[in-house]
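Visitor: Structure below; questions to follow.
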Amino acid sequence: MKILRNSFLAVGLSLFLVSCGGGGTTGREAARLTRLDGDTFNFIVANDLGRNGYYDQKPIAEQMGQLAEEIDIEFVAAAGDIHHFEGVASVEDPLWMTDYELVYSHPELMLEWYPILGNHEYRGNTQAVLDYGGVSRRWVMPGRYYTKAFEVDDDTSLRVVWVDTTPLIDKYHEEAEESYRDIAAQDMETQLRWIDSTLTASDETWKIVIGHHPIYADTDKDEEERLDLQERLDTILRRHGVDMYICGHIHNFQHIRRAGSDMDYVVNTSGSLSRDVRPIEGTLFCSSATGFSVVSASADSLKLYMLDKDRNILHTVERGRNR
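Residue numbers for the sequence shown follow this note's numbering, so the first one is 101 and each next one is one higher.
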């Protein structure tokens, strides 16, 4: 049985007890993540990257590479919007070089990247994003949604499910002809049935689902985006005891818990350019800092470290289990 180890993670925590941080650390100086204790399985989460190396993209990419070397990461989960603003036209689009290859060039980032599509990829040629695996050996994208199980140790396992959230939101279908042409070919119900059956069959110790859009978040973006995912996706994830839902799209850090759900809802910030954020109902932490996250799984705990562009630990999401 899984339990929350942080006693302060009480469902229904008043948003008035939470204040959101800005672009840097406040109060006591935050610890810098340089090592992880024990036998852990580690991976990086990065998203909303593509700014041709500008803003904070290049320095964050360098921090990702240095940290990958220090803590021995297994892969990078790229949670959408690798390319702004109109996606890519083909596997030969120059954006592959300026948004990705020339930026994430650290030797320790030459390992598997498991991506999903964001809404900006849907403004271009989404098939080219899938096909890029034929060009770059580290780009591993077997489908628009897919899953993979990982061994943490002899008795502990991790299931990660990557989902394609853009087709699960009505507004993108309504704007398909004008802006999101590839949406029309996507079958929402087929994906939802696949997610349900995949999680039904999952017996791993830890379960993480990664999508681009948030289920709950503070944002000025259309509320219908979250309402559609609450109705269609959240019900499935709750039913199957998912530990964390990790997303991007909003360009800031948010950690949210909601009444009636034992799941941690995590918004990962942009790896290049961030936005302001305020607490909402259920907010446990939020920050407008740019950066990335590290997920660390062990036999006893599942942790997600929110890191700013200098690799300071701004917040840790932690779950434990009784053995």
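The beta-carbon is built from N, C-alpha and C at its ideal position, and this holds for glycine as well.
#1: So, Thr-256 versus Thr-298, is the Cβ gap smaller than 7 Å?
#2: Count the other C-beta atoms from every protein chain shown that fall within 10 angstroms of the C-beta of Ala-301, then say buried if there are 16 or more, exposed otherwise.
#3: Locate the beta strand (DSSP E) running through Asp-408, then write down its first and last residues.
#4: Any idea if Leu-133 is buried or exposed, counting beta-carbon neighbours within 10 angstroms, 16 or more meaning buried?
#5: Using only the alpha-carbon positions, how far apart do Val-366 and His-340 sit?
#6: Are there 16 or more other CB atoms within 10 angstroms of the CB of Leu-268, so buried, or fewer, so exposed?
#7: Tell me, to the nearest whole angstrom, how far the beta carbon of Gly-191 is from that of Phe-143; I am working on the premise that it is less than 8 Å.
#8: Using a 10 Å radius around the Cβ and a threshold of 16 neighbouring Cβ atoms, would you call Gly-165 buried or exposed?
#9: DSSP three-state label for Asp-181, please.
#10: Are three or more beta carbon pairs between the region 224-244 and the region 200-214 nearer than 8 Å?
#11: Less than 7 Å between C-beta atoms, sequence neighbours within five positions excluded: which residues of the same chain meet that for Asp-334?
#12: Going by alpha carbons, who is nearest to His-206 out of Lys-158, His-184, Val-235, Leu-195?
#13: So, Val-417 versus Asp-364, is the Cβ gap smaller than 7 Å?
#14: Checking the sheet assignment: what are the DSSP bridge partners for Leu-258?
#15: Would you call the region 379-390 and the region 339-357 in contact, with 3 or more CB pairs under 8 Å?
#16: Does the beta-carbon distance from Val-203 to Asn-368 come in below 7 Å?
#17: Could you tell me if Glu-221 is buried or exposed, where buried requires 16 or more neighbouring beta carbons within 10 angstroms of its beta carbon?
#18: Reducing DSSP to helix, strand and coil, say where Ile-346 ends up.
#19: Cα separation between Thr-265 and Thr-305?
#20: Mind reading off the beta-carbon distance from Ser-374 to His-351? Whole number of angstroms is fine, and I expect it under 8 Å.
#21: In whole angstroms, what separates the C-alpha of Leu-230 from that of Ala-189?
#22: Report the rounded CA-to-CA distance for Gly-153 versus Ala-389, giving the unit in angstroms.
#23: Mapping DSSP to helix, strand and coil, what is Glu-325?
#24: Could you check where the alpha helix (DSSP H) with Gly-153 kicks off and where it finishes?
#25: Take the Cβ of Ala-397 as the centre, count every other Cβ of all protein chains shown within 10 Å, and call the residue buried at 16 or more, exposed below.
#26: Report the rounded CA-to-CA distance for Ser-250 versus Leu-258, giving the unit in angstroms.
#27: Quick check on DSSP: helix, strand or coil for Asp-199?
Guide: Short version:
#1: As a position in the sequence shown, residue 256 is number 156, starting the count at 1. As a position in the sequence shown, residue 298 is number 198, starting the count at 1. Thr-298 is positioned such that its CB atom lies no closer than 7 Å to that of Thr-256.
#2: Counting from one through the sequence shown, the residue named residue 301 turns up at place 201. Exposed.
#3: Residue 408 sits at position 308 when you count from the first residue of the sequence shown. Start and end: 401-408.
#4: The sequence position of residue 133 within the sequence shown is 33, counting from 1. It is buried - the Cβ of Leu-133 has at least 16 other Cβ atoms within 10 Å.
#5: Translated into positions along the sequence shown, residue 366 becomes position 266. Translated into positions along the sequence shown, residue 340 becomes position 240. For Val-366 and His-340, the distance between alpha carbons rounds to 18 Å.
#6: In the sequence shown, the residue the question calls residue 268 occupies position 168. In the assembly as shown, Leu-268 is a buried residue. Its beta-carbon has 16 or more other beta-carbons within 10 Å.
#7: Locating residue 191 in the sequence shown gives position 91, counting from the first residue. Locating residue 143 in the sequence shown gives position 43, counting from the first residue. Checking the sequence shown, residue 191 turns out to be Val, not Gly. Val-191 to Phe-143, Cβ: 25 Å. No contact.
#8: Here residue 165 corresponds to residue number 65 of the sequence shown, with the count starting at 1. Answer is buried; the Cβ neighbour count reaches 16.
#9: Residue mapping note: residue 181 aligns to position 81 of the sequence shown, counting from 1. In this structure, Asp-181 counts as coil in the three-state DSSP scheme.
#10: yes
#11: As a first step, residue 334 must be located in the sequence shown, where it is residue number 234. Taken in chain order, the residues that qualify are Ile-315.
#12: Stepping through the sequence shown from its first residue, residue 206 is reached at position 106. Nearest of Lys-158, His-184, Val-235, Leu-195 to His-206, Cα basis: Lys-158.
#13: By 1-based counting over the sequence shown, the position of residue 417 is 317. By 1-based counting over the sequence shown, the position of residue 364 is 264. Yes.
#14: Position 158 of the sequence shown, counting from 1, holds the residue named residue 258. Bridge partners of Leu-258: Phe-250, Trp-306.
#15: yes
#16: For the purposes of this step, residue 203 is taken as residue 103 along the sequence shown, with counting starting at 1. For the purposes of this step, residue 368 is taken as residue 268 along the sequence shown, with counting starting at 1. Result no, Cβ atoms of Val-203 and Asn-368 do not sit closer than 7 Å.
#17: By 1-based counting over the sequence shown, the position of residue 221 is 121. Under a 10 Å Cβ-count criterion, Glu-221 is classified as buried, with 16 or more other Cβ atoms of the shown protein chains found around its own Cβ.
#18: Within the sequence shown, residue 346 is the residue found at index 246, counting from 1. Strand at Ile-346.
#19: On the sequence shown, residue 265 is found 165 positions in, with the first residue counted as 1. On the sequence shown, residue 305 is found 205 positions in, with the first residue counted as 1. If I take the Cα positions, the gap works out to 25 Å.
#20: Sequence index remark: in the sequence shown, residue 374 carries index 274 (1-based). Sequence index remark: in the sequence shown, residue 351 carries index 251 (1-based). With a contact defined as Cβ atoms closer than 8 Å, Ser-374 and His-351 qualify at about 5 Å.
#21: Walking along the sequence shown from the start, residue 230 turns up at place 130. Walking along the sequence shown from the start, residue 189 turns up at place 89. Each residue's alpha carbon lies about 12 Å from the other.
#22: Translated into the one-based positions of the sequence shown, residue 153 becomes position 53. Translated into the one-based positions of the sequence shown, residue 389 becomes position 289. Between Gly-153 and Ala-389, the C-alpha separation is close to 17 Å.
#23: Here residue 325 is taken as the residue at index 225 of the sequence shown, counted from 1. Note: Glu-325 maps to helix in three-state DSSP.
#24: Translated into positions along the sequence shown, residue 153 becomes position 53. Annotation: Gly-153 is outside any alpha helix (DSSP H) and is labelled neither H nor E by DSSP.
#25: Working through the sequence shown from its first residue, we reach residue 397 at position 297. Ala-397 should be labelled buried.
#26: Mapped onto the sequence shown, residue 250 falls at position 150. Mapped onto the sequence shown, residue 258 falls at position 158. At residue 250 the sequence reads Phe, which differs from the Ser that was named. Taking the straight line from one Cα to the other gives about 5 Å.
#27: Translated into the one-based positions of the sequence shown, residue 199 becomes position 99. Helix.
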